[in-house]
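Notes to accompany the following structure.
Protein chains: 2
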Amino acid sequence: MTPADRAQLALLYEVAATPTPGNVDRERDLADLRFGQFLAGAVGARPGLRAAARTGEAAPGVGVAFERAVGGMADAAGTNTQFGALLLLAPLVRTAAAAESLTPENVSAVVEGTTVADAAAFYRAFEHVDVFVGDPPTDAEPLDVRRGADAVSAVEERGVSLTAVLELGAEEDGVAAEWTRGFPRTFRVTDRLVDGHGPLPDRAARAFLAELAAEPDTLVAGRHGDRVAREVSDRAAALTAADGDSDAVRAFAADLVARGVNPGTTADIVAAGLFVALDRGAGGGGA
Amino acid sequence: MTPADRAQLALLYEVAATPTPGNVDRERDLADLRFGQFLAGAVGARPGLRAAARTGEAAPGVGVAFERAVGGMADAAGTNTQFGALLLLAPLVRTAAAAESLTPENVSAVVEGTTVADAAAFYRAFEHVDVFVGDPPTDAEPLDVRRGADAVSAVEERGVSLTAVLELGAEEDGVAAEWTRGFPRTFRVTDRLVDGHGPLPDRAARAFLAELAAEPDTLVAGRHGDRVAREVSDRAAALTAADGDSDAVRAFAADLVARGVNPGTTADIVAAGLFVALDRGAGGGGA
Chain X
53 MTPADRAQLA LLYEVAATPT PGNVDRERDL ADLRFGQFLA GAVGARPGLR AAARTGEAAP
113 GVGVAFERAV GGMADAAGTN TQFGALLLLA PLVRTAAAAE SLTPENVSAV VEGTTVADAA
173 AFYRAFEHVD VFVGDPPTDA EPLDVRRGAD AVSAVEERGV SLTAVLELGA EEDGVAAEWT
233 RGFPRTFRVT DRLVDGHGPL PDRAARAFLA ELAAEPDTLV AGRHGDRVAR EVSDRAAALT
293 AADGDSDAVR AFAADLVARG VNPGTTADIV AAGLFVALDR GAGGGGA
Chain G
53 MTPADRAQLA LLYEVAATPT PGNVDRERDL ADLRFGQFLA GAVGARPGLR AAARTGEAAP
113 GVGVAFERAV GGMADAAGTN TQFGALLLLA PLVRTAAAAE SLTPENVSAV VEGTTVADAA
173 AFYRAFEHVD VFVGDPPTDA EPLDVRRGAD AVSAVEERGV SLTAVLELGA EEDGVAAEWT
233 RGFPRTFRVT DRLVDGHGPL PDRAARAFLA ELAAEPDTLV AGRHGDRVAR EVSDRAAALT
293 AADGDSDAVR AFAADLVARG VNPGTTADIV AAGLFVALDR GAGGGGA
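Chains as they are written, first to last, in this note's numbering: chain X, 53 to 339; chain G, 53 to 339.
Set out below in structure tokens:
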């Protein structure tokens, strides 16, 4: 399997992992988001993932590859299924393809190499989909991602790289925080997956719950406030401590779906951790 | 999306379609076959599907592309997940890529163009996986596919094409029958899918039941005898007539799984029908 194959399989295993409370998974659709749309998104994202896996002078920047992946995903799925996961996967795939090994140091070097062109492509990616984003810092309003392609001229004037743009959001957004801090949660999920037992999608479901317990989901915090995000994490922690009471986890999942609480950032990080775990040989031969 | 993308998505939608009684689906694993393995198989098959989508003088034969798809599938899934589906998809993908339109006539022309090299590759494909196959006609014992690569010299001596090999099995095997008779069931499934409503995986589940009702599954007949295959079809027909009693369909699915009755040929034909339906624009934008 190539890095693009492993990235695609990571997306598929993430959505198949169940239960991942509050998210679409093998057992649950949301009102406006179906399992089949994630399958289509994983197929549509592929040309962008392949672009992320290119190496050498002529390779497109990771932001450019990311935009291509989002465009293909949106065309195939008809909605936003895997925006955050693809934002994490783009530099991880590039690192797997170009560096000697997929380490936090090497992916940080890839991230630090992003350019203004990558930032511009990132803004254009918002034109393909409807993504939830909070308010930017006041002095960064011209760089508000909700302006989409309209922000590109501000990006170019200020000469900011994609990593500089994501630094603006790192406090509020768990995906941006991964980019700018060496992917700590991604590699923590990887360790859990590699050390786990059973089929990889089952390990991913347990890693999801553990990660949700470890840190409040920033998508939940942005949409429902910090109090709800902390409550969700506390409940995940209690369920992780009770280990293996799958009925209680399923009841939690049903409750989150009913309330429209969707810990999507945690799912994005699990997808990224799955990619690194597959890169390290976990889940070989269908395990 | 390219023809290879659509073939991959057809494999994913087929296994996601639920309920597909007796088969692995979104709701059910079998004892020795898990959902995640089908996802991995669909990713691993991709280089072979891309080979099937090549056109022009240098394009590999569809049998050669098929073998590559099976090898990649087996490596990724660790077992046989989609052998029959890939055997149907190879000529369909080639036709979609090379012919003006994906019609029974054009796919028949592709099938008639297969060579001895395609037949040899087909035999080698059996080296990758454990596939259930019944006894060949007595005079065709040297061509028994269970001999795998050992049969290649007999294939070459007799100068038989892949289509000639599959004609030997067309009475016993529904996939071989599709190849040699213009893919009638595949296109019948396509018509159902295109005319249906709701998400494509849901349409595929209904098409599976209708197709199982229409013709006894040859994999079930080969493993459990004609009587069981007919009983399964009769029960599918009764459920199709009762339309929409999903509890009864689920009970039927649970019973087949408990008895180890796996109508895999019908699933293969649904995957093929999904590919043609996607080629005709069904399920665009995640529908």
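Don't be surprised by glycine CBs; every beta carbon is placed ideally from N, CA and C.
With a threshold of 8 Å on Cβ separation, who are the neighbours of residue i within its own chain once the five nearest residues in sequence on each side are excluded?
| i | result |
| --- | --- |
| G:V162 | V114, P143, R146, T147, A150 and A151 |
| G:D84 | T131 |
| G:A203 | Y175, P194, L195, D196 and V197 |
| X:A129 | Q89, F90, A92, G93 and G96 |
| G:L154 | L144, T147, A148, V328, D331 and R332 |
| G:T190 | none |
| X:V207 | V168, A171, A172, Y175, L195 and V217 |
| X:R233 | A222 |
| G:L308 | P73, G74, V284, N314 and P315 |
For residue i, which residues does DSSP report across the bridge?
| i | result |
| --- | --- |
| G:R106 | Answer is none; G:R106 lacks a bridge partner. |
Am I right that residue i and residue j are in contact with their C-beta atoms under 8 Å? What's the rounded C-beta distance?
| i | j | result |
| --- | --- | --- |
| X:V322 | X:A259 | 6 Å |
| X:V301 | X:V284 | Between X:V284 and X:V301 the Cβ distance is about 13 Å, and since that is not below 8 Å, they are no contact. |
| G:L330 | G:R80 | Not confirmed; about 24 Å, so no contact. |
| G:L261 | G:P315 | Going by Cβ atoms, the distance from G:L261 to G:P315 rounds to 10 Å, so no, they are not a contact pair. |
| G:G325 | G:T238 | 5 Å |
| X:R282 | X:P268 | 5 Å |
| G:L140 | G:A121 | About 11 Å; that fails the 8 Å criterion. |
| G:A319 | G:E66 | 6 Å |
| X:F178 | G:A68 | About 29 Å separates the two Cβ atoms, so there is no contact after all. |
| X:A257 | X:T70 | 6 Å |
| G:T166 | G:L214 | 4 Å |
| X:G226 | X:T317 | 4 Å |
| X:H334 | X:V246 | Looking at the sequence provided, one finds Ala at residue 334 of chain X rather than His. Contact flag correct, Cβ pair sits at about 5 Å. |
If you drop the 5 nearest sequence neighbours on each side, which residues of the same chain put their C-beta closer than 6 Å to that of residue i?
| i | result |
| --- | --- |
| X:W231 | V163 and L218 |
| X:A94 | Q60, L63 and L64 |
| G:A105 | P55, A56, V145 and A149 |
| X:G248 | R255 |
| X:A192 | L220 |
| G:N158 | T147 and A151 |
| X:L82 | V76 |
Helix or strand or just coil, what does DSSP make of residue i?
| i | result |
| --- | --- |
| G:R98 | helix |
| X:L82 | strand |
| G:D247 | helix |
| X:D225 | coil |
| G:D297 | coil |
| G:D77 | strand |
| X:G274 | helix |
| G:F40 | In this structure chain G extends from 53 to 339, so residue 40 of chain G is not present and cannot be described. |
| X:L154 | coil |
| X:S213 | coil |
| X:Q134 | coil |
| X:D7 | Absent from the structure is residue 7 of chain X, since the part of chain X shown begins at 53 and ends at 339. |
| G:T190 | helix |
| X:P71 | coil |
| G:F304 | helix |
| X:F235 | coil |
| G:A111 | coil |
| X:G165 | coil |
| X:G93 | helix |
Between which two residues does the alpha helix (DSSP H) carrying residue i extend?
| i | result |
| --- | --- |
| X:F118 | V114 to A129 |
| G:V207 | V204 to R210 |
| X:F327 | G316 to D331 |
| X:G312 | X:G312 -> no alpha helix (DSSP H), and no H or E assigned at all. |
| X:Q60 | P55 to A68 |
| X:R255 | L252 to A266 |
| X:A201 | Counting along the chain, X:A201 falls outside any alpha helix (DSSP H), and DSSP gives it neither H nor E. |
| X:R176 | V168 to A177 |
Can you list, in chain order, the residues of its chain with a C-beta nearer than 7 Å to that of residue i? Leave out the 5 residues immediately preceding and following it.
| i | result |
| --- | --- |
| G:V276 | Per the sequence shown, residue 276 of chain G should be read as His rather than Val. So the list reads V313, once near-sequence residues are dropped. |
| G:V185 | V197 and R198 |
| G:V401 | Lying before the first or after the last residue shown, residue 401 of chain G is absent from chain G, which here runs from 53 to 339. |
| G:E224 | G186, T270 and G274 |
| G:A117 | G100, A103, A104 and A142 |
| G:M125 | G93, G96, A97, T133, Q134 and L138 |
| G:P253 | Y65, A68 and A69 |
| G:S160 | G234 |
| G:P112 | A103 and R106 |
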